[in-house]
Every structure is written in structure tokens, then in C-alpha cells.
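**Student:** Here you go, one structure.
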Amino acid sequence: MSKKHILLVNDIAGYGKVATAAMLPILSYLGHPVYNLPTALVSNTLDYGKFNILETTDYIKGVFPVWKELGFSFDAIATGFIASERQAKLVADYCREQAERGTTIFVD
1 MSKKHILLVN DIAGYGKVAT AAMLPILSYL GHPVYNLPTA LVSNTLDYGK
51 FNILETTDYI KGVFPVWKEL GFSFDAIATG FIASERQAKL VADYCREQAE
101 RGTTIFVD
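Note that my numbering has the sequence shown beginning at 1, numbered continuously upward.
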């Protein structure tokens, strides 16, 4: 099996094994280089009914130009929790651009 460079675009929960915390170790165990772009920092999983979220839209807006300048690319991008409509547009535009270069996109 060839090693695929995979970008995870998802939230990071402080309490709970979901999202990035669940996907990263599995994909890494399978031997894939895994990178992450956090869409939000979440206090705990949302099923508790009470939580705090720090969305990272402004951070993401700055990341994509840097990655483009550095020539970073991925074989696959997996998206998960998107924190806002503005963030969804940024991520969708980036995924569209990467898909045109042959990157496989997975949307959860």
C-alpha cells in the first residue's frame, strides 16, 4: 500500500475521542503521513449539551496562502466539523483547488 499524505480538516475536542483525535492515530498507524488543520477548538464533545468553541476561521484564512507559497500538497483531504459559513467557503475553495490538482476529497 502506498503512503498517502492526508490532511484532516476538523475540530479538536479537549474532552472526547472524536474528530481529529479519532482519525489521526488510525491513519498514522496505517502508515500515512497525517497533517491537521483545526477548524475549531472545542471544550468537549457536543453531546454533553454544554460546550465552548473557539473557531479558527481567521487562522485558516492565513494558512492557505502560506501552504501555497511553500508548495505543500496532499493526496487526500478529509473534512469534518466546519464552524461557520465563512469557514466553509474558505475550506471549499481550497478543496476545489486541490481537487483540480488530483487530490481526493472526503466530506463528512
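A virtual CB, placed ideally from N, CA and C, is assigned to each residue, including glycine.
#1: Please work out which residues of its chain come closer than 6 angstroms, Cβ to Cβ, to Val-107, disregarding the five sequence neighbours upstream and downstream, and give them in chain order.
#2: Curious, which full-length beta strand (DSSP E) runs of at least 3 residues does the segment 56 to 99 contain?
#3: Which one of Ile-12, Thr-57, Gly-62 has the shortest CA to CA distance from Phe-51?
#4: Of the residues Lys-89, Val-34, Val-18, which one's Cα is nearest the Cα of Asp-47?
#5: Between Gln-87 and Thr-57, what straight-line distance do the alpha-carbon atoms span, to the nearest angstrom?
#6: So Ile-82 packs on Val-91, CB below 8 angstroms; how close in whole Å?
**Tutor:** To lay it out plainly:
#1: Thr-79
#2: Every beta strand (DSSP E) of 3 residues or more that sits fully in the segment 56 to 99 is shown, in chain order, as 76 to 79.
#3: The candidate whose alpha carbon is nearest that of Phe-51 is Ile-12.
#4: Answer by Cα proximity: Val-18.
#5: 5 angstroms
#6: Beta-carbon to beta-carbon, Ile-82 and Val-91 are separated by about 6 angstroms, close enough to satisfy the 8 angstroms threshold.
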